[in-house]
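Adding 757 to a residue's 1-based position in the sequence shown gives its number in this note's numbering.
This report refers to the structure that appears directly beneath it.
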Amino acid sequence: MRSKKQMEIELLWFVVTLCITGAIAGITAGLFGNGGGFVVVPALLAVFPFFTPPSEALVKVAIGTSLASIVVSSARSVMAHRAKGAVDFDILRSWSIWLILGVGGGLLIANNSSANGLTVV
758 MRSKKQMEIE LLWFVVTLCI TGAIAGITAG LFGNGGGFVV VPALLAVFPF
808 FTPPSEALVK VAIGTSLASI VVSSARSVMA HRAKGAVDFD ILRSWSIWLI
858 LGVGGGLLIA NNSSANGLTV V
């Protein structure tokens, strides 16, 4: 059993790691236009084992958590750009079927892949 002091140190490490990761992901997203998942997923994989027993599901949980944060960030970005009139909804509509197919294909691949396979990717 871990002591209260050890648990407090682990929680502090968790919070600091996620704050730094969020800052790095935000900077890379702003500079390069990526979602930040390539920064967030490895950090989550480093932090999650401290709070839950290791399992095959951790990789998928880390990826899902990263994607959830990217969806929220992207939605807020679209709303901000829309307010400035900088979103071309005609292009967005023309891409929609391909976006839906890409999401569906990614879900199928991730669902049928092992955690080790996803870790390599």
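Where is the CB? At the ideal position from N, CA and C, for every residue including glycine.
Being a predicted model, the structure only gives us computed values, none of them experimental.
CA-to-CA distance, residue j to residue i, given in whole angstroms
| i | j | result |
| --- | --- | --- |
| residue 832 | residue 777 | 22 Å |
| residue 820 | residue 798 | 6 Å |
| residue 843 | residue 835 | 9 Å |
| residue 790 | residue 813 | 30 Å |
| residue 804 | residue 856 | 31 Å |
| residue 847 | residue 863 | 24 Å |
Anticipated Cβ contact below 8 Å, residue i with residue j, distance rounded
| i | j | result |
| --- | --- | --- |
| residue 817 | residue 782 | Not a contact, Cβ separation roughly 19 Å. |
For residue i, the three-state DSSP class (helix, strand or coil)
| i | result |
| --- | --- |
| residue 829 | helix |
| residue 847 | helix |
| residue 812 | coil |
| residue 878 | coil |
| residue 912 | In the structure as shown, the chain starts at 758 and stops at 878, and residue 912 therefore has no counterpart that could be examined. |
Proximity winner among the options, relative to residue i (alpha-carbon distances)
| i | options | result |
| --- | --- | --- |
| residue 774 | 786, 758, 802 and 847 | 802 |
| residue 785 | 859, 855, 856 and 827 | 827 |
| residue 809 | 764, 864 and 877 | 764 |
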